[in-house]
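Structure, as structure tokens:
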Amino acid sequence: MARIKRPLFGGAIQAFLPDGAIDASSIRLVPNNQEVYIHAESDQSIIVAILERVDVVSDENAIKYHFDALAEANDANSSQDHTVDRIESIPINSLIVQR
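First residue of the sequence shown? That's 39 in my numbering, and the numbers climb one at a time after it.
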């Protein structure tokens, strides 16, 4: 599938997203700290969120910390409603940041 370079957060960063990804903010409200793109023919979404650094956990566990906080804020009924199965590090040299 072809990828298209898209500006995120007013052009502060860019990402390559699947061709045909629809900016969800053209359909519904999206929080200011998020960019959300949806697939036109499936239930898949790509969500890019800017989160605050947390010092109470290691960098490796920060995503789980934020995910658990989000689940709690959304009144998840049990731990079965939300789980983090695996966390994978992304090598810094595989990221492209353009200013």
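C-beta: ideal position from N, C-alpha, C; glycine also. These numbers come from a predicted model, not from an experiment.
Nearest neighbour of residue i, chosen from the options [CA to CA]
{"i": "S96", "options": "I125, E73, E110, A111", "result": "I125"}
{"i": "D57", "options": "R91, A107, Y75, D93", "result": "Y75"}
{"i": "Q82", "options": "E110, A62, D113", "result": "A62"}
{"i": "P129", "options": "K102, A111, E98", "result": "E98"}
Backbone CA spacing between residue i and residue j [nearest angstrom]
{"i": "I51", "j": "H77", "result": "21 angstroms"}
{"i": "G49", "j": "I65", "result": "20 angstroms"}
{"i": "N112", "j": "K43", "result": "32 angstroms"}
{"i": "Y103", "j": "E79", "result": "31 angstroms"}
Boundaries of the alpha helix (DSSP H) in which residue i is found, first to last residue
{"i": "L55", "result": "No alpha helix (DSSP H) holds L55; the beta strand (DSSP E) holding it covers 51–56."}
Residue environment, residue i, which counts as buried when at least 16 other CB atoms sit within 10 Å
{"i": "E73", "result": "buried"}
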